[in-house]
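Read top to bottom, the protein sequences are chains S and Y.
Numbering-wise (my numbering), the first sequence opens with residue 1 and increments by one.
Numbering-wise (my numbering), the second sequence opens with residue 1001 and increments by one.
Structure, as structure tokens:
Number of protein chains: 2
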Amino acid sequence: MPISTSKHHIIAAFQGEAGAYSEQAAIEFFGKGICTLPCVTFEDIFSSIKENRATHGMLPIENSLTGSIHQNYDLLLKHNLNIIGEYHLRVSHCLLALPGVKLEEIRRVYSHPQALAQCEANLNRLGVEKVVDLDTAGSARLIRDGKDPQAAALASAHAGEVYGLHILVREMEDNLANFTRFLVLCQENPVQYQPEGQTYKTTIVFSVPNVPGSLFKAMSVFALRDINLTKIESRPISGKPWEYLFYIDFIGHIEDKNCARALEHLGEIAEFMRVLGSYPRQKQE
Amino acid sequence: MPISTSKHHIIAAFQGEAGAYSEQAAIEFFGKGICTLPCVTFEDIFSSIKENRATHGMLPIENSLTGSIHQNYDLLLKHNLNIIGEYHLRVSHCLLALPGVKLEEIRRVYSHPQALAQCEANLNRLGVEKVVDLDTAGSARLIRDGKDPQAAALASAHAGEVYGLHILVREMEDNLANFTRFLVLCQENPVQYQPEGQTYKTTIVFSVPNVPGSLFKAMSVFALRDINLTKIESRPISGKPWEYLFYIDFIGHIEDKNCARALEHLGEIAEFMRVLGSYPRQKQE
Chain S
1 MPISTSKHHI
11 IAAFQGEAGA
21 YSEQAAIEFF
31 GKGICTLPCV
41 TFEDIFSSIK
51 ENRATHGMLP
61 IENSLTGSIH
71 QNYDLLLKHN
81 LNIIGEYHLR
91 VSHCLLALPG
101 VKLEEIRRVY
111 SHPQALAQCE
121 ANLNRLGVEK
131 VVDLDTAGSA
141 RLIRDGKDPQ
151 AAALASAHAG
161 EVYGLHILVR
171 EMEDNLANFT
181 RFLVLCQENP
191 VQYQPEGQTY
201 KTTIVFSVPN
211 VPGSLFKAMS
221 VFALRDINLT
231 KIESRPISGK
241 PWEYLFYIDF
251 IGHIEDKNCA
261 RALEHLGEIA
271 EFMRVLGSYP
281 RQKQE
Chain Y
1001 MPISTSKHHI
1011 IAAFQGEAGA
1021 YSEQAAIEFF
1031 GKGICTLPCV
1041 TFEDIFSSIK
1051 ENRATHGMLP
1061 IENSLTGSIH
1071 QNYDLLLKHN
1081 LNIIGEYHLR
1091 VSHCLLALPG
1101 VKLEEIRRVY
1111 SHPQALAQCE
1121 ANLNRLGVEK
1131 VVDLDTAGSA
1141 RLIRDGKDPQ
1151 AAALASAHAG
1161 EVYGLHILVR
1171 EMEDNLANFT
1181 RFLVLCQENP
1191 VQYQPEGQTY
1201 KTTIVFSVPN
1211 VPGSLFKAMS
1221 VFALRDINLT
1231 KIESRPISGK
1241 PWEYLFYIDF
1251 IGHIEDKNCA
1261 RALEHLGEIA
1271 EFMRVLGSYP
1281 RQKQE
């Protein structure tokens, strides 16, 4: 738990319903005992923080199989919140059924289309019918409420706990290297820079003049100072066809001298620049 | 019409149904008189060309407001077709109704959610109800078949022609800078390099070793030769969390000496590289 705030004061907003992977990520990041606030849309995460209904937000930004969730980059720019942490959640789908039901009884499996697709080979081996639902946690709730002993849901172990279901099979996904990276959002920035013993990551967004070589020059401010970029993402600029905003993650904290100089240098090149946050890097083994 | 093939032999596959913006793009690119082949999915465009049911494909790759269509980058890599052209379609939504119907009679407007969103301010001014449909061309067909004089569709002028509807209002979109860039696909590459009087664009995909500064080094092969990049896009590599494939568009043809040397240089840095096509650049004013 990298945050010093008492967990009793934490209300983490997430998109989805109780039992969603995003809620699981919030609980794993902050620790058990926090409050969580389900939101209908990703934008609701931002407004619930701004309106003080939540203290933090858990925003999925990228999945290792399907790529970035691009509209969430747009929301980071639109709403002025700070990124204070990151969390890599291992997305592992469990086959969940009513207590007492056996695997060989299952005929139908409900889940979100992406979860069904990610478990396709294993589901085919079981010879079950795939039924599309709006989300993974919702399909777990459906199994609890439906009382159909031939039906199962693909959802998180956390959803199984929330809805009192039994785990028939763990790790149903065909590709085990399935991670979602979450950004932890907050209105203010409580992350104290502690140069010793902690690696930081910083996320910035900027645009460059529409002239040849300008992105290369922007990237050189990091390369010339041996600052490691871990991610680059581009998004369109509304009203300027084929011009882009660039979102970059780099290793380092804005209070680190080397990084501060790089950003100062980037300021000479960029037309627009904003720091979205410096936060402890989560090492992934 | 930058292609030398006789247009009578052209069968252009596109995703959507008759009257779709993609079909309009194919007709504007190749000229009237070509055949078009509607496809259910983007992947069907690729298979229809491979199975010789179509000679060409019209693949939307990016919209100036909503950004890249990322799964189509994945399909470019998966299927080994050549990019032989590009086309920028101005996406302009018309309000289409049955012949004889007047604007003040309209109560309901049907279209794809994105088209409805792009025309929101203008629709609100008209005080009409917005009804979500699967696609723009489908909503035009619905108006033709429904015979409801109080209903209209938001779709292309081309859809209006296809379904015999009347254009009540042109340019319903709130932001006029709405373009979709299409890539023209083909099994072989008939684009002859003509260094005089023609600018080319090349699209490549590559990956770099997961070490600091490797993307910067890859980009330097272009910057050091004054080759202008117009687009960079990253996509996840399945099975290697947080490693990326990069798709780059640059100005120049692979047979141009400067570009050939840059790609040779990139070959020293990249772990994987493939040229997806060199094609005439479409100038956009």
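The beta carbon of each residue, even a glycine, is placed where N, CA and C say it ideally should be.
Since the structure is predicted, the reported quantities are computational estimates derived from the model, not experimental observations.
Could you confirm whether any beta carbon from chain Y is found closer than 7 Å to the beta carbon of residue i?
i	result
S/HIS112	no
S/ALA25	no
S/PHE206	no
S/GLU271	no
Which residue from the options puts its Cα closest to that of residue i?
i	options	result
S/HIS158	S/ILE11, S/ALA20, S/ALA13 and S/ALA12	S/ALA20
Y/GLN1194	Y/ALA1140, Y/PRO1280, Y/ILE1251 and Y/GLU1271	Y/PRO1280
S/GLY67	S/THR41, S/ASN52 and S/GLN114	S/GLN114
Y/ALA1025	Y/VAL1091, Y/LEU1077 and Y/ARG1141	Y/VAL1091
S/LEU168	S/GLY146, S/ALA140, S/ASN175 and S/GLU188	S/ALA140
Y/ALA1018	Y/LEU1245, Y/ALA1121 and Y/ALA1155	Y/ALA1155
Y/GLU1051	Y/VAL1275, Y/ALA1153 and Y/ALA1013	Y/ALA1013
S/GLY277	S/THR202, S/LEU89, S/GLU188 and S/LYS78	S/THR202
S/LYS283	S/PHE46, S/LEU165 and S/LEU89	S/LEU89
Y/HIS1112	Y/LEU1134, Y/VAL1162 and Y/LYS1130	Y/LEU1134
S/LEU165	S/LEU95, S/VAL205, S/ASN175 and S/GLU196	S/LEU95
S/LYS130	S/ALA218, S/ILE143, S/LYS147 and S/ALA153	S/ALA153
Y/ILE1143	Y/ASP1174, Y/ILE1106 and Y/CYS1119	Y/ILE1106
Y/PHE1046	Y/ASP1074, Y/LYS1147 and Y/GLY1033	Y/ASP1074
S/VAL40	S/HIS9, S/GLY138 and S/GLN118	S/GLY138
S/ARG108	S/LEU245, S/LYS147 and S/ARG261	S/LYS147
Just checking: is the beta-carbon of residue i within a distance shorter than 7 Å of some beta-carbon in chain S?
i	result
Y/ALA1121	no
Y/ARG1053	no
Y/MET1219	yes
Y/ASN1072	no
Y/LEU1065	yes
Y/ALA1223	yes
Y/PRO1241	yes
Y/ILE1003	Unreliable placement is indicated for Y/ILE1003, whose pLDDT of 48 sits below 50; the coordinate value is still reported in the next sentence. By this cut-off, Y/ILE1003 is not an interface position.
Y/ASN1210	no
Y/PRO1236	yes
Y/PHE1029	no
Y/PHE1216	yes
Y/GLY1213	yes
Y/ASN1124	no
May I ask you to report which of helix, strand or coil DSSP gives residue i?
i	result
Y/ALA1020	coil
Y/GLN1187	coil
S/PRO2	Note on S/PRO2: pLDDT 48, under 50, position unreliable in the model; no value is reported.
S/ASP249	strand
S/ASN258	helix
S/THR66	coil
S/GLU161	helix
S/VAL221	helix
Y/THR1055	coil
S/ASN175	coil
Y/PRO1236	strand
Y/LYS1078	helix
Y/GLU1105	helix
Y/GLY1277	strand
Y/ALA1270	coil
S/SER111	strand
Y/HIS1088	strand
Y/THR1203	strand
S/THR41	coil
S/ILE227	coil
Y/LEU1126	helix
Y/GLU1243	strand
S/ARG144	helix
S/GLN286	Lying outside 1 to 285, the shown extent of chain S, residue 286 of chain S is not represented and no answer is given.
S/GLN71	helix
Any Cβ of chain C within less than 7 Å of the Cβ of residue i?
i	result
Y/GLN1282	Going by chain labels, chain C is absent from the structure shown, which instead holds the protein chains S and Y.
Should the stretch 1093-1106 of chain Y be called in touch with the stretch 1225-1234 of chain Y, which here means at least 3 C-beta pairs below 8 Å?
no
Using a Cβ-Cβ cut-off of less than 9 Å, give me the residues of the stretch 1251-1269 of chain Y that come near chain S, in sequence order.
ILE1251
Would you be able to state if there are at least three C-beta pairs under 8 Å between the stretch 58-66 of chain S and the stretch 171-189 of chain S?
yes
Stretch pair the stretch 1247-1259 of chain Y + the stretch 1211-1228 of chain Y: three plus CB contacts closer than 8 Å
yes
Decide if the stretch 1123-1139 of chain Y is in contact with the stretch 1072-1086 of chain Y; the criterion is three or more beta carbon pairs, one per stretch, under 8 Å apart.
no
Three or more C-beta pairs under 8 Å: does that hold for the stretch 207-221 of chain S against the stretch 260-269 of chain S?
yes
Under 7 Å (Cβ pairs) to chain S, residues found in the stretch 1154-1182 of chain Y:
ASN1175, ALA1177 and PHE1179
Note down, in chain order, all residues in the stretch 1080-1098 of chain Y with a beta-carbon under 9 Å from any beta-carbon belonging to chain S.
HIS1088
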